[in-house]
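**Student:** Quick one: the structure is below, and I'll ask about it shortly.
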Amino acid sequence: MSATIFAIVNQKGGVGKTTTAVNLAAYLGQQQKKCLLVDFDPQGNASSGIGVQTESLTCGIYELMMTSKTLPETLCPTPFKTLHLLPATRHLAGAEIELVELQNRELYLKNTLAPLEDYYDYIIIDCSPSLGLLTINALCAAHKAIIPLQCEYFALEGIAGLINTLTQVKDTLNPLLEIGGILLTMFDGRTALNRQVVENARQFFKDLIFDTLIPRNIRLSEAPSHGLPISIYSPKCNGAIAYQALTEEVLKRAKQEQYSTETR
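Position one of the sequence shown corresponds to residue 354 (this note's numbering), numbered consecutively onward.
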(Lines of atoms letter the chains of each structure in order from A; the text may use other names.)
(Lines give C-alpha, C1' and ligand atoms only; values in the text may rest on other atoms or scores of the structure.)
Protein backbone atom coordinates (compact mmCIF):
# COMPACT_ATOMS: atom_id res chain seq x y z
CA MET A 354 0.00 0.00 0.00
CA SER A 355 1.42 3.39 -0.97
CA ALA A 356 1.90 6.36 1.33
CA THR A 357 -0.80 8.82 2.28
CA ILE A 358 0.55 12.30 1.56
CA PHE A 359 -0.55 15.21 3.76
CA ALA A 360 0.09 18.86 2.94
CA ILE A 361 -0.02 21.03 6.07
CA VAL A 362 -1.21 24.28 4.54
CA ASN A 363 -2.39 27.78 5.38
CA GLN A 364 -1.47 30.96 3.52
CA LYS A 365 -1.38 32.80 6.85
CA GLY A 366 1.80 32.54 8.92
CA GLY A 367 1.96 31.96 12.65
CA VAL A 368 -0.97 29.54 12.87
CA GLY A 369 0.96 26.46 14.03
CA LYS A 370 1.55 24.97 10.58
CA THR A 371 5.18 23.93 11.06
CA THR A 372 4.54 22.93 14.68
CA THR A 373 1.80 20.62 13.39
CA ALA A 374 3.93 19.17 10.58
CA VAL A 375 6.90 18.43 12.88
CA ASN A 376 4.91 16.99 15.76
CA LEU A 377 2.48 14.93 13.67
CA ALA A 378 5.46 13.44 11.82
CA ALA A 379 7.30 12.82 15.10
CA TYR A 380 4.39 11.01 16.73
CA LEU A 381 3.86 8.92 13.58
CA GLY A 382 7.56 8.02 13.73
CA GLN A 383 7.26 7.23 17.43
CA GLN A 384 4.46 4.79 16.56
CA GLN A 385 6.84 3.02 14.16
CA LYS A 386 5.06 4.32 11.07
CA LYS A 387 7.45 4.86 8.19
CA CYS A 388 7.16 8.60 7.72
CA LEU A 389 8.86 11.25 5.59
CA LEU A 390 8.77 14.91 6.61
CA VAL A 391 9.26 17.23 3.62
CA ASP A 392 10.29 20.78 4.55
CA PHE A 393 8.85 22.71 1.60
CA ASP A 394 9.08 26.13 3.23
CA PRO A 395 12.19 28.17 2.30
CA GLN A 396 12.39 29.37 5.92
CA GLY A 397 13.45 25.81 6.86
CA ASN A 398 11.72 25.83 10.24
CA ALA A 399 10.57 22.21 10.05
CA SER A 400 14.18 21.13 9.44
CA SER A 401 15.59 23.07 12.38
CA GLY A 402 12.58 22.12 14.52
CA ILE A 403 13.54 18.47 14.27
CA GLY A 404 17.22 19.10 14.95
CA VAL A 405 18.85 19.61 11.54
CA GLN A 406 21.15 22.62 11.17
CA THR A 407 20.07 24.04 7.82
CA GLU A 408 22.98 26.51 7.50
CA SER A 409 25.44 23.71 6.80
CA LEU A 410 23.21 21.74 4.42
CA THR A 411 24.04 21.61 0.73
CA CYS A 412 21.35 19.11 -0.33
CA GLY A 413 17.64 18.90 0.35
CA ILE A 414 14.25 18.81 -1.34
CA TYR A 415 15.21 21.55 -3.83
CA GLU A 416 18.28 19.63 -5.00
CA LEU A 417 16.30 16.36 -5.27
CA MET A 418 13.52 18.07 -7.21
CA MET A 419 15.46 20.46 -9.46
CA THR A 420 18.94 18.94 -9.93
CA SER A 421 20.54 15.54 -10.43
CA LYS A 422 21.06 14.90 -6.71
CA THR A 423 19.79 11.53 -5.46
CA LEU A 424 17.73 10.52 -2.43
CA PRO A 425 20.70 9.19 -0.39
CA GLU A 426 22.40 12.58 -0.85
CA THR A 427 19.40 14.58 0.29
CA LEU A 428 17.72 12.55 3.05
CA CYS A 429 18.44 13.36 6.73
CA PRO A 430 17.94 11.12 9.77
CA THR A 431 15.86 12.30 12.75
CA PRO A 432 15.57 11.24 16.41
CA PHE A 433 13.15 8.49 15.30
CA LYS A 434 14.37 5.47 13.36
CA THR A 435 11.34 5.35 11.04
CA LEU A 436 11.08 9.12 10.44
CA HIS A 437 13.21 10.73 7.73
CA LEU A 438 13.52 14.36 6.66
CA LEU A 439 13.90 15.99 3.27
CA PRO A 440 15.17 19.37 4.48
CA ALA A 441 14.89 22.84 3.00
CA THR A 442 18.14 24.42 1.87
CA ARG A 443 18.64 28.10 1.06
CA HIS A 444 18.18 27.32 -2.66
CA LEU A 445 14.50 26.47 -2.16
CA ALA A 446 13.65 30.18 -2.06
CA GLY A 447 14.62 30.45 -5.73
CA ALA A 448 12.49 27.51 -6.85
CA GLU A 449 9.35 29.64 -7.03
CA ILE A 450 10.96 31.78 -9.76
CA GLU A 451 12.62 28.88 -11.59
CA LEU A 452 9.40 26.88 -11.79
CA VAL A 453 7.48 29.69 -13.54
CA GLU A 454 9.26 29.04 -16.84
CA LEU A 455 8.98 25.25 -16.76
CA GLN A 456 6.46 22.96 -18.41
CA ASN A 457 4.17 21.10 -15.96
CA ARG A 458 5.55 23.42 -13.30
CA GLU A 459 2.88 22.43 -10.76
CA LEU A 460 3.89 18.75 -10.81
CA TYR A 461 7.59 18.81 -9.94
CA LEU A 462 7.13 17.82 -6.30
CA LYS A 463 4.53 15.17 -7.18
CA ASN A 464 6.94 13.56 -9.66
CA THR A 465 9.80 13.77 -7.13
CA LEU A 466 7.84 12.04 -4.38
CA ALA A 467 6.16 9.41 -6.59
CA PRO A 468 9.05 6.88 -6.38
CA LEU A 469 9.03 7.17 -2.56
CA GLU A 470 5.36 6.40 -2.02
CA ASP A 471 5.80 2.62 -1.88
CA TYR A 472 8.38 2.88 0.91
CA TYR A 473 6.64 5.22 3.38
CA ASP A 474 3.32 4.94 5.19
CA TYR A 475 2.94 8.70 5.47
CA ILE A 476 4.54 11.73 3.84
CA ILE A 477 4.02 15.08 5.59
CA ILE A 478 4.70 18.26 3.59
CA ASP A 479 5.21 21.50 5.51
CA CYS A 480 4.10 24.24 3.10
CA SER A 481 5.24 27.84 2.93
CA PRO A 482 2.81 30.51 4.25
CA SER A 483 1.62 31.60 0.79
CA LEU A 484 -0.43 30.28 -2.11
CA GLY A 485 2.44 30.48 -4.60
CA LEU A 486 3.90 27.80 -6.87
CA LEU A 487 5.60 25.90 -4.05
CA THR A 488 2.30 25.46 -2.20
CA ILE A 489 0.50 24.55 -5.45
CA ASN A 490 3.17 21.88 -6.01
CA ALA A 491 2.53 20.53 -2.52
CA LEU A 492 -1.23 20.41 -3.13
CA CYS A 493 -0.71 18.62 -6.44
CA ALA A 494 1.44 16.01 -4.68
CA ALA A 495 -0.89 15.54 -1.68
CA HIS A 496 -3.87 13.29 -1.12
CA LYS A 497 -5.10 15.34 1.84
CA ALA A 498 -4.68 18.88 3.10
CA ILE A 499 -4.64 19.53 6.83
CA ILE A 500 -5.43 23.18 7.59
CA PRO A 501 -4.26 24.59 10.95
CA LEU A 502 -6.65 27.35 11.95
CA GLN A 503 -5.89 29.74 14.78
CA CYS A 504 -8.76 30.27 17.21
CA GLU A 505 -9.42 33.88 16.31
CA TYR A 506 -12.16 35.64 14.35
CA PHE A 507 -10.11 36.82 11.36
CA ALA A 508 -8.74 33.31 10.81
CA LEU A 509 -12.25 32.09 10.04
CA GLU A 510 -12.69 34.89 7.51
CA GLY A 511 -9.40 34.07 5.75
CA ILE A 512 -10.02 30.36 5.30
CA ALA A 513 -12.55 30.86 2.47
CA GLY A 514 -9.80 31.85 0.01
CA LEU A 515 -7.72 28.80 0.92
CA ILE A 516 -10.63 26.40 0.47
CA ASN A 517 -11.34 28.02 -2.90
CA THR A 518 -7.72 27.35 -3.93
CA LEU A 519 -8.00 23.72 -2.78
CA THR A 520 -11.17 23.32 -4.85
CA GLN A 521 -9.49 24.79 -7.94
CA VAL A 522 -6.46 22.48 -7.56
CA LYS A 523 -8.76 19.47 -7.16
CA ASP A 524 -10.82 20.44 -10.22
CA THR A 525 -7.92 21.21 -12.55
CA LEU A 526 -4.72 19.51 -11.34
CA ASN A 527 -5.20 16.87 -8.64
CA PRO A 528 -8.56 15.07 -8.49
CA LEU A 529 -7.33 13.00 -5.52
CA LEU A 530 -6.98 16.04 -3.25
CA GLU A 531 -9.34 16.19 -0.26
CA ILE A 532 -9.46 18.24 2.92
CA GLY A 533 -8.10 15.82 5.51
CA GLY A 534 -9.21 18.03 8.38
CA ILE A 535 -9.17 21.49 9.89
CA LEU A 536 -7.12 21.72 13.08
CA LEU A 537 -7.97 24.42 15.60
CA THR A 538 -4.75 25.74 17.17
CA MET A 539 -3.64 28.15 19.89
CA PHE A 540 -6.84 27.51 21.84
CA ASP A 541 -7.29 29.27 25.16
CA GLY A 542 -10.43 28.00 26.86
CA ARG A 543 -10.39 30.92 29.28
CA THR A 544 -11.49 33.39 26.60
CA ALA A 545 -15.08 33.61 25.38
CA LEU A 546 -13.86 34.56 21.88
CA ASN A 547 -11.81 31.35 21.52
CA ARG A 548 -14.73 29.24 22.67
CA GLN A 549 -17.04 31.06 20.23
CA VAL A 550 -14.62 30.52 17.32
CA VAL A 551 -14.53 26.78 18.07
CA GLU A 552 -18.32 26.62 18.20
CA ASN A 553 -18.71 28.58 14.95
CA ALA A 554 -16.07 26.51 13.17
CA ARG A 555 -17.74 23.23 14.21
CA GLN A 556 -21.16 24.47 13.12
CA PHE A 557 -19.89 25.60 9.73
CA PHE A 558 -17.28 22.93 8.86
CA LYS A 559 -18.85 20.06 10.82
CA ASP A 560 -16.87 16.78 10.50
CA LEU A 561 -13.91 18.52 8.83
CA ILE A 562 -12.92 19.92 12.24
CA PHE A 563 -10.68 17.58 14.23
CA ASP A 564 -11.95 16.77 17.72
CA THR A 565 -8.49 17.61 19.06
CA LEU A 566 -7.83 21.23 20.03
CA ILE A 567 -4.20 22.35 20.16
CA PRO A 568 -3.79 24.63 23.20
CA ARG A 569 -1.62 27.68 23.66
CA ASN A 570 1.34 26.09 25.39
CA ILE A 571 4.73 27.56 26.28
CA ARG A 572 6.47 24.19 25.88
CA LEU A 573 5.27 23.95 22.27
CA SER A 574 6.78 27.38 21.65
CA GLU A 575 10.09 26.45 23.29
CA ALA A 576 10.64 23.05 21.65
CA PRO A 577 11.78 24.29 18.18
CA SER A 578 14.56 26.39 19.70
CA HIS A 579 15.97 23.16 21.14
CA GLY A 580 15.62 21.33 17.81
CA LEU A 581 13.23 18.80 19.34
CA PRO A 582 9.66 17.70 18.69
CA ILE A 583 7.39 18.09 21.70
CA SER A 584 7.26 14.30 22.23
CA ILE A 585 10.92 14.44 23.28
CA TYR A 586 11.20 17.96 24.68
CA SER A 587 8.24 17.81 27.08
CA PRO A 588 6.18 14.65 26.53
CA LYS A 589 3.78 15.24 29.42
CA CYS A 590 2.79 18.85 28.71
CA ASN A 591 -0.65 19.77 27.38
CA GLY A 592 0.74 20.47 23.91
CA ALA A 593 2.31 17.02 23.69
CA ILE A 594 -0.88 15.33 24.86
CA ALA A 595 -2.83 17.26 22.21
CA TYR A 596 -0.51 16.33 19.33
CA GLN A 597 -0.50 12.70 20.44
CA ALA A 598 -4.32 12.80 20.37
CA LEU A 599 -4.26 14.42 16.92
CA THR A 600 -2.01 11.64 15.62
CA GLU A 601 -4.40 9.00 16.95
CA GLU A 602 -7.27 10.85 15.28
CA VAL A 603 -5.43 11.02 11.93
CA LEU A 604 -4.69 7.28 12.10
CA LYS A 605 -8.29 6.52 13.06
CA ARG A 606 -9.65 8.54 10.14
CA ALA A 607 -7.23 6.79 7.77
CA LYS A 608 -8.35 3.37 9.03
CA GLN A 609 -12.04 4.30 8.63
CA GLU A 610 -11.46 5.50 5.07
CA GLN A 611 -9.55 2.34 4.19
CA TYR A 612 -12.37 0.18 5.59
CA SER A 613 -14.96 2.25 3.71
CA THR A 614 -13.04 1.83 0.46
CA GLU A 615 -12.62 -1.93 0.92
CA THR A 616 -16.32 -2.50 1.64
CA ARG A 617 -17.67 -0.54 -1.34
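The beta carbon of each residue, even a glycine, is placed where N, CA and C say it ideally should be.
Please read these numbers as outputs of a predicted model, since none were measured by experiment.
Is DSSP giving P482 helix, strand or coil here?
**Tutor:** Three-state DSSP puts P482 in coil, outside helix and strand.
**Student:** Please report the distance separating the alpha-carbon of T538 from that of E510.
**Tutor:** Whole-angstrom Cα-Cα distance: 15 Å.
**Student:** Using the three-state DSSP reduction, which class does E575 fall into: helix, strand or coil?
**Tutor:** E575: helix per DSSP, three-state reduction.
**Student:** Spell out the partners DSSP gives L466 in its beta bridges.
**Tutor:** According to DSSP, which records beta bridges pairwise, L466 is partnered with nothing at all.
**Student:** Suppose contacts are defined by Cβ-Cβ distances below 9 Å. Is L529 in contact with I500 by that definition?
**Tutor:** For L529 and I500, no; Cβs fall outside 9 Å.
**Student:** Name the one or two DSSP bridge partners that D541 has.
**Tutor:** Bridge partners of D541: none, in fact.
**Student:** Taking contact to mean 3 or more Cβ pairs, one atom from each stretch, closer than 8 Å, check whether the stretch 431-443 and the stretch 372-385 are in contact.
**Tutor:** In short, these stretches touch, since the Cβ pair count reaches three.
**Student:** Hey, quick one: how far does the alpha helix (DSSP H) through P425 stretch, first residue to last?
**Tutor:** Counting along the chain, the alpha helix (DSSP H) containing P425 begins and ends at L424 to T427.
**Student:** Only counting the same chain, and skipping five residues up and downstream in sequence, which positions put a Cβ closer than 6 Å to that of L486?
**Tutor:** Within the same chain, L486 has close Cβ partners E449 and L452.
**Student:** Give every residue of the same chain whose Cβ lies closer than 8 Å to the Cβ of L502, excluding the five residues on either side of it in the sequence, and list them in chain order.
**Tutor:** The residues are N363, V368, A508, L509, I512, I535, L536, L537, T538 and A554.
**Student:** In three-state DSSP terms, what is F315?
**Tutor:** What is shown of the chain runs 354 to 617, which leaves residue 315 out entirely.
**Student:** Taking the alpha-carbon positions, what's the Y567 to A494 distance?
**Tutor:** In the sequence under discussion, the amino acid at residue 567 is Ile, which differs from the Tyr named in the question. Taking the straight line joining both Cα atoms gives about 26 Å.
**Student:** With which residues is V391 paired in a DSSP beta bridge?
**Tutor:** In the DSSP output, where bridge partners are listed per residue, V391 has L439 and I478.
**Student:** Span of the alpha helix (DSSP H) holding L519?
**Tutor:** Looking at the DSSP string, the run of the alpha helix (DSSP H) that includes L519 is Y506 to T525.
**Student:** Considering I414, what are the terminal residues of the alpha helix (DSSP H) in which it resides?
**Tutor:** Residues I414 to M419.
**Student:** What does the alpha-carbon distance come out to for the pair D471 and T423?
**Tutor:** Each residue's alpha carbon lies about 17 Å from the other.
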